[in-house]
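**Q** What follows is a structure written as structure tokens; I'll ask about it next.
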Amino acid sequence: MDRKFFVTTPIYYVNDRPHIGHLYTTSIADIIARAKRKQGYDVLFSTGTDEHAVKIKRVADEKGIPVKDYVDNLSDFWKKTFKDFNISFDTFIRTSEERHKKVVTHFFKTLLDKGDIYKGIYEGWYCIYDETFFSEDELLPGNLCPVCKRPVEKVKEENYFFALSKYEDKLLDYYLSHPDFVEPKSRYNEMLSLIKSGLKDVSISRKGIGWGIPVPGDPNAVIYVWFDALINYVTVSGYLQNEEKFNKYWPADLHLIGKDITRFHSVIWPAMLMGMGLPLPKKIFAHGFWLAEGEKMSKSKGNFIKPNEVIEWFMKKTNIDRKLAIDVFRYYILRDMTFGEDGNFSYSSFITRYNTELANDLGNLLNRTTNLAVKFFDGSLGEGYDRGYYVIFEKAFDEIISLYNDLKLSEVPVKINALANTLNKYLDSKAPWRL
Numbered sequence: 000m001d002r003k004f005f006v007t008t009p010i011y012y013v014n015d016r017p018h019i020g021h022l023y024t025t026s027i028a029d030i031i032a033r034a035k036r037k038q039g040y041d042v043l044f045s046t047g048t049d050e051h052a053v054k055i056k057r058v059a060d061e062k063g064i065p066v067k068d069y070v071d072n073l074s075d076f077w078k079k080t081f082k083d084f085n086i087s088f089d090t091f092i093r094t095s096e097e098r099h100k101k102v103v104t105h106f107f108k109t110l111l112d113k114g115d116i117y118k119g120i121y122e123g124w125y126c127i128y129d130e131t132f133f134s135e136d137e138l139l140p141g142n143l144c145p146v147c148k149r150p151v152e153k154v155k156e157e158n159y160f161f162a163l164s165k166y167e168d169k170l171l172d173y174y175l176s177h178p179d180f181v182e183p184k185s186r187y188n189e190m191l192s193l194i195k196s197g198l199k200d201v202s203i204s205r206k207g208i209g210w211g212i213p214v215p216g217d218p219n220a221v222i223y224v225w226f227d228a229l230i231n232y233v234t235v236s237g238y239l240q241n242e243e244k245f246n247k248y249w250p251a252d253l254h255l256i257g258k259d260i261t262r263f264h265s266v267i268w269p270a271m272l273m274g275m276g277l278p279l280p281k282k283i284f285a286h287g288f289w290l291a292e293g294e295k296m297s298k299s300k301g302n303f304i305k306p307n308e309v310i311e312w313f314m315k316k317t318n319i320d321r322k323l324a325i326d327v328f329r330y331y332i333l334r335d336m337t338f339g340e341d342g343n344f345s346y347s348s349f350i351t352r353y354n355t356e357l358a359n360d361l362g363n364l365l366n367r368t369t370n371l372a373v374k375f376f377d378g379s380l381g382e383g384y385d386r387g388y389y390v391i392f393e394k395a396f397d398e399i400i401s402l403y404n405d406l407k408l409s410e411v412p413v414k415i416n417a418l419a420n421t422l423n424k425y426l427d428s429k430a431p432w433r434l
């Protein structure tokens with residue numbers, strides 16, 4: 000098998016349990032991975048948990064639980080949830096693993112030795128919820144985080160910095176010569192504008208946290224969670240562990256992320272790779288957010304949609320089993336959100352999609368065709384067929400594969416449903432049950 004495809008999700012903070020946004024990203028990556036496997040690709044599909052955040056340490060402390068026990072329990076829960084939702088990941092990485100610590104330490108030392116990392120004083124604002132440093136002019140009125148709208152903390156500490164500004168010109172050249180590097184186009188334009196506006200060096204360490212990967216030679220400092228987390232992509236592909244595997248799978252073919260972490264993946268991560276002399280990922284796709292009945296999900300509103308609760312609600316509503324309910328969930332999130340844009344999760348839309356498109360259109364088609372096959376052909380298919388319709392479906396299959404490959408994912412169920420309607424109309428016109 001010569002063709003390979005390496006698709007990644009972000010690794011997820013274990014400060015809480017998965018919500019629909021996490022399952023959306025991971026399910027979409029799974030759908031892409033399955034489509035590629037069907038085409039004969041040797042697929043590597045990675046996901047995992049990000050465990051070295053300050054807020055994780057704080058939550059564990061508040062609960063009175065040793066932080067390692069806390070992340071062990073939650074990481075296991077995330078992994079189990081993904082398996083329950085039929086996610087066919089090939090590798091599940093945890094940033095607390097030794098293999099990852101080794102790679103992160105190597106990155107840090109290499110960039111430090113070549114002058115891309117240096118020591119300095121950071122004075123500014125820090126959001127513990129988004130694990131992000133901000134300058135004063137980036138804040139919202141009232142010293143609020145521009146991402147999560149929560150209050151930020153004023154910090155002043157001696158930190159290590161990554162010389163992002165050094166790679167400004169290289170990044171700009173790369174963007175201009177690779178116009179499909181970031182999708183959708185609106186995100187590409189945002190990142191291009193950001194680079195053109197000038198890049199500042201970024202702090203990549205924290206002092207006195209007591210949780211994280213230690214800075215080499217400086218035991219009082221730990222490596223900043225985002226610097227650590229981004230490196231997971233080369234860790235899972237075999238970097239420093241399995242040269243043959245790394246050479247086969249890297250660079251990643253697709254980093255699938257939410258739009259809120261585009262800057263880290265599309266600016267900082269490529270610059271880190273340039274500093275290491277490693278190839279950049281082929282494509283970064285930053286999808287939109289799920290809204291809850293028209294509103295952005297937030298803990299303060301208490302409107303986070305929990306996937307397991309959706310499945311249980313749907314099972315009670317329809318009396319179908321869990322495995323089928325999960326398939327319907329996957330269909331719905333693919334169908335009801337234009338890939339790359341925000342989408343509105345609606346229980347009424349969920350049940351309508353199931354009733355009209357799956358139970359009625361596809362289900363009715365399956366029921367009619369199998370019943371006819373049993374009635375007239377003893378349950379086996381005859382050799383005769385309508386050549387005209389065969390050509391239609393053969394062409395449609397190629398079109399569906401192209402939709403997957405072009406990441407026009409929300410168009411796939413539309414195409415399949417149109418085919419079901421075409422075949423239902425064909426059966427109505429022939430009315431074989433009248434024979």
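Per numbering that gives the first Met the number 0, the very first residue in the sequence shown carries number 0; after that it's consecutive. Yeah, the Cβ is synthetic: ideal placement off N, Cα and C, and Gly gets one too.
1. Nearest to residue 43 by alpha carbon, out of 49, 70, 50 and 3?
2. Between residue 138 and chain B, is the shortest Cβ-Cβ distance under 8 Å, so that the two count as touching?
3. Measure the Cβ-Cβ separation of residue 291 and residue 344 and say whether it is below 8 Å.
4. I need the straight-line Cα distance from residue 61 to residue 38, nearest angstrom please.
5. Residue ranges of each alpha helix (DSSP H) run of no fewer than 4 residues wholly in the segment 336-374, ordered along the chain?
6. Opposite residue 118 in the DSSP bridges: which residues?
7. Helix, strand or coil, according to DSSP, for residue 197 in the structure here?
8. When we look at the beta-carbon of residue 396 and count the other beta-carbons within 10 Å, is it buried (16 or more) or exposed?
9. On the CB-based measure, 16 or more other CB atoms within 10 Å of its CB, does residue 153 come out buried or exposed?
10. Alpha carbon to alpha carbon, what distance is there between residue 165 and residue 231?
11. Compute the Euclidean distance between the alpha carbons of residue 19 and residue 336, then round it to the nearest angstrom.
12. With 16 as the cutoff for other CB atoms within 10 Å, does residue 158 come out buried or exposed?
13. I think residue 250 touches residue 279, with their Cβ atoms under 8 Å apart; what is that distance to the nearest whole Å?
14. How far does the alpha helix (DSSP H) with residue 45 in it reach, from first residue to last?
15. Would you mind working out which of 178, 115 and 167 sits nearest residue 160, comparing C-alpha positions?
16. Could you tell me which uninterrupted beta strand (DSSP E) segments, each at least 3 residues in length, are contained entirely in the segment 235-303, listed from first to last along the chain?
17. Note down the Cα distance separating residue 14 from residue 144, rounded to an integer number of angstroms.
**A** Reading off the structure:
1. Check the Cα spacing between residue 43 and each of 49, 70, 50 and 3: the tightest is with 3.
2. Among the protein chains of the structure shown there is no chain B, as only one such chain exists.
3. Going by C-beta atoms, residue 291 is nearer than 8 Å to residue 344.
4. About 49 Å.
5. Runs found: 346-352.
6. Paired residue(s): 159.
7. Here residue 197 carries a coil assignment [DSSP, helix/strand/coil].
8. Here residue 396 is exposed: its Cβ has fewer than 16 other Cβ atoms, across all protein chains shown, within 10 Å.
9. Counting every other CB atom within 10 Å of its CB across the protein chains shown gives residue 153 a total below 16, marking it as exposed.
10. Straight-line spacing of the CA atoms in residue 231 and residue 165 works out to 23 Å.
11. Residue 19 and residue 336 have their C-alpha atoms roughly 12 Å apart.
12. Residue 158 should be labelled buried.
13. So it is a contact: roughly 6 Å between Cβ atoms.
14. Where residue 45 is concerned, there is no enclosing alpha helix (DSSP H), although the beta strand (DSSP E) it sits in stretches over 41-49.
15. Closest in alpha carbon position to residue 160, among 178, 115 and 167, is 115.
16. Counting only runs of 3+ residues, the beta strand (DSSP E) found wholly inside the segment 235-303 occupies 253-257, 283-286 and 289-291, in chain order.
17. Using only the alpha carbons, I get a separation of about 19 Å.
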